[in-house]
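Peer 1: Structure provided below as structure tokens; questions to follow.
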Ligand code: 15L
């Protein structure tokens, strides 16, 4: 059984992922916040903005799913520490420890300034919608560098919005169910022929803005489609007062300076 490190394990995506992958891999969970590891998994407390911590947690694993970081638009200092320094530390620590495979859950916000009437694939040039989006592009660039220069196998998932169900009209296009997240992550961990790939982390949504053919080429067969929730979600949707958010795929990330985490609506700038 492969040993897989999940950073940012106490966050929303990390919680869904570790639950879904339990039993399939030997999971080593890590975060700067403490948690009790479920049976059969281990937890290691670490702050990835410190290289010594990054080196400690990446030792002896077969693959890394690097979820740890600042997960929404917010102050540059926080994004810089977690998503630029922290992300670099994880890639570099993986290289020094001889870990070949790294999965980086990048974000729809790396390309959030594409308009909603456009369909984009994995080859479009980047159009980040926020400082957060720029930090995700930085992670994609690190993946490309570490693949080309050091022969690492890097799987970049531009994640939409993970949750048990889509929460609003925009998320009907980018929803990613936990079981589809687990399936795509497993492809990233196990596919024998990964060098550097960008895929979109979304379910098989009828309303998708993405041509996800690269994920399908690698064997991804999503089981869910947000369309089953569409009538209910649209009936609850309030009319938009933000034409910039409404026109672009990244929504409010395109217009706001701070965005609350939808998984924790009362707290700003919560970490994944
Ligand atoms: C993201 O990248 C965030 O991590 C998540 O909290 C959501 O805001 C999501 O994008 C989204 O676009 O809904």
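Residue numbers (our numbering): 216 to 487.
Each residue gets a CB set at the ideal place from its N, CA and C atoms; glycine is no exception.
Remember, predicted model here, so these are calculated numbers, not experimental data.
Using CA coordinates, which residue listed in 276, 316, 225, 280 is at the minimum distance from residue 396?
Peer 2: As a position in the chain shown, residue 396 is number 181, starting the count at 1. Closest by alpha carbon: 280.
Peer 1: Where does residue 438 sit, in a helix, a strand or coil, going by DSSP?
Peer 2: Here the question's residue 438 lines up with position 223 in the chain shown. Residue state, collapsed to three classes: coil.
Peer 1: Rounding to the nearest angstrom, what Cα-Cα distance links residue 312 and residue 274 in this structure?
Peer 2: Translated into the one-based positions of the chain shown, residue 312 becomes position 97. Translated into the one-based positions of the chain shown, residue 274 becomes position 59. Answer to the nearest angstrom: the Cα atoms are 6 Å apart.
Peer 1: Measure the alpha-carbon distance for residue 256 versus residue 241 and round it to whole angstroms.
Peer 2: As a first step, residue 256 is located in the chain shown; it is residue number 41 there, counting from the start. As a first step, residue 241 is located in the chain shown; it is residue number 26 there, counting from the start. In a straight line, the C-alpha of residue 256 is about 7 Å away from that of residue 241.
Peer 1: Is residue 178 near ligand 1, going by C-beta to nearest heavy atom under 8 Å?
Peer 2: Not covered by the structure: residue 178. The range shown for the chain is 216 to 487.
Peer 1: Just the Cα atoms here: how many angstroms apart are residue 302 and residue 284?
Peer 2: Residue numbering aside, residue 302 sits at position 87 when the chain shown is read from its first letter. Residue numbering aside, residue 284 sits at position 69 when the chain shown is read from its first letter. Answer to the nearest angstrom: the Cα atoms are 8 Å apart.
Peer 1: Would you call the CB atoms of residue 369 and residue 449 closer than 9 Å?
Peer 2: Within the chain shown, the letter at position 154 stands for residue 369. Within the chain shown, the letter at position 234 stands for residue 449. Cβ atoms of residue 369 and residue 449: not closer than 9 Å.
Peer 1: State whether the region 286-296 contacts the region 233-253, with contact taken as three or more CB pairs (one from each stretch) at a distance under 8 Å.
Peer 2: Short answer: they don't touch.
Peer 1: Could you tell me which whole beta strand (DSSP E) segments of length 3 or greater appear in the region 227-265?
Peer 2: DSSP runs (the beta strand (DSSP E)) wholly in the region 227-265: 241-246, 257-260.
Peer 1: Identify the residues that DSSP records as bridge partners of residue 477: which are they?
Peer 2: What you label residue 477 is simply residue 262 of the chain shown in a count that begins at 1. DSSP output for residue 477 lists no bridge partner at all.
Peer 1: Is residue 365 near residue 310, with beta carbons less than 9 Å apart?
Peer 2: As a position in the chain shown, residue 365 is number 150, starting the count at 1. As a position in the chain shown, residue 310 is number 95, starting the count at 1. Their beta carbons are under 9 Å apart, which means residue 365 touches residue 310 by this criterion.
Peer 1: If you reduce the DSSP assignment to three classes, tell me which class residue 468 lands in.
Peer 2: Taking the chain shown and counting its residues from 1, one reaches residue 468 at position 253. DSSP places residue 468 in helix when its eight states are reduced to three.
Peer 1: Who are the Cβ neighbours of residue 294 in its own chain at under 7 Å, not counting the five residues just before and after it?
Peer 2: Numbered from its first residue, the chain shown carries residue 294 at position 79. Correct list, in chain order: 285, 346, 347, 350.
Peer 1: So does residue 466 have its beta carbon nearer than 8 Å to some heavy atom of ligand 1?
Peer 2: In the chain shown, residue 466 corresponds to position 251, counting from 1. Yes, the Cβ of residue 466 comes within 8 Å of a heavy atom of ligand 1.
Peer 1: Secondary structure at residue 225, three-state DSSP: helix, strand or coil?
Peer 2: Taking the first residue of the chain shown as position 1, residue 225 is located at position 10. Residue state, collapsed to three classes: coil.
Peer 1: Please report the straight-line C-alpha distance between residue 237 and residue 466, rounded to a whole angstrom.
Peer 2: As a working mapping, residue 237 is identified with position 22 in the chain shown. As a working mapping, residue 466 is identified with position 251 in the chain shown. Near 33 Å, if we compare the C-alpha coordinates of residue 466 and residue 237.
Peer 1: Alpha carbon to alpha carbon, what distance is there between residue 367 and residue 304?
Peer 2: By one-based count along the chain shown, residue 304 stands at place 89. By one-based count along the chain shown, residue 367 stands at place 152. Rounded to the nearest angstrom, the two C-alpha atoms are 15 Å apart.
Peer 1: Can you give the Cα-Cα distance for residue 290 and residue 296, rounded to whole angstroms?
Peer 2: Residue numbering aside, residue 290 sits at position 75 when the chain shown is read from its first letter. Residue numbering aside, residue 296 sits at position 81 when the chain shown is read from its first letter. C-alpha separation (whole angstroms): 10 Å.
Peer 1: Near residue 459, what residues of its chain come up, given a Cβ to Cβ distance below 7 Å and the 5 sequence neighbours on each side ignored?
Peer 2: For the purposes of this step, residue 459 is identified with residue 244 of the chain shown, where counting begins at 1. Only 469, 470 meet the Cβ criterion.
Peer 1: Pick out whichever of 226, 363, 379 has its Cα sitting closest to the Cα of residue 443.
Peer 2: Residue mapping note: residue 443 aligns to position 228 of the chain shown, counting from 1. Nearest of 226, 363, 379 to residue 443, Cα basis: 379.
Peer 1: Per DSSP, what kind of secondary structure is residue 483 in: helix, strand or coil?
Peer 2: Here residue 483 is taken as the residue at index 268 of the chain shown, counted from 1. Here residue 483 scores only 48 on pLDDT, less than 50, and its place in the model should not be relied on; the value that follows carries that caveat. The answer is strand: DSSP assigns residue 483 an E or B state.
Peer 1: Am I right that residue 342 and residue 353 are in contact with their C-beta atoms under 8 Å? What's the rounded C-beta distance?
Peer 2: Position 127 of the chain shown, counted from the start, is the residue given in the question as residue 342. Position 138 of the chain shown, counted from the start, is the residue given in the question as residue 353. Their Cβ separation, rounded to whole angstroms, is 15 Å, which puts residue 342 and residue 353 out of contact at 8 Å.
Peer 1: Does DSSP classify residue 322 as helix, strand or coil?
Peer 2: Stepping through the chain shown from its first residue, residue 322 is reached at position 107. It is a strand residue.
Peer 1: State the Cα-Cα distance for the pair residue 222 and residue 355, rounded to the nearest angstrom.
Peer 2: Within the chain shown, numbered from 1, the residue matching residue 222 stands at position 7. Within the chain shown, numbered from 1, the residue matching residue 355 stands at position 140. Rounded to whole angstroms, residue 222 to residue 355 spans 17 Å at the Cα level.
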